[in-house]
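Engineer: Got a structure for you, written out below as structure tokens; questions coming shortly.
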Amino acid sequence: KQLQAQLKRLGVNQIPGIEEVNMFKDDGSVLHFSAPKVQASVAANTYVVTGHGENKSLQELLPGIISQLGPDNLASLKRIAEG
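Residues in the sequence shown are numbered from 25 upward in steps of one, following the working numbering.
Given below as structure tokens:
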């Protein structure tokens, strides 16, 4: 209850239509949320993702995740391809 009250004070609003959230970790793995509840307050630079998060390898999420990869992740993908 206290968390929801604080989020309301920050002006956090729900963002509908988010199918998945992927957080790329330094070790090359991905924290993957399927069908999460996402809330945000851009003015407060606050984003809230709730739901069941799973640690997955980059390989498990291919090929659908390719469009979300940045330069660091592309280097990891190259290492995977080279075996």
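Cβ coordinates follow ideal geometry from the N, Cα and C atoms, glycine included.
Leaving out the 5 sequence neighbours to the left and right, which residues in its chain are closer than 8 Å to residue 38 when beta-carbon positions are compared?
Structural biologist: Within the same chain, residue 38 has close Cβ partners 61, 62 and 63.
Engineer: If you measure between the beta carbons of residue 65 and residue 41, is that distance less than 7 Å?
Structural biologist: No. Outside cutoff.
Engineer: Helix, strand or coil: which one does DSSP assign to residue 55?
Structural biologist: The answer is strand: DSSP assigns residue 55 an E or B state.
Engineer: Assuming the contact rule is C-beta atoms closer than 8 Å, residue 100 and residue 52 should be a hit. Round their C-beta distance to whole Å, please.
Structural biologist: With a Cβ gap of about 5 Å, residue 100 and residue 52 count as contacting.
Engineer: Put residue 78 into one of helix, strand or coil per three-state DSSP.
Structural biologist: In the structure shown, residue 78 sits in a strand (DSSP, three-state: E or B).
Engineer: Count the other CB atoms, across all protein chains shown, that sit within 10 Å of the CB of residue 89; report buried if there are 16 or more and exposed otherwise.
Structural biologist: The residue in question, residue 89, is buried, as its Cβ has 16 or more Cβ neighbours within 10 Å.
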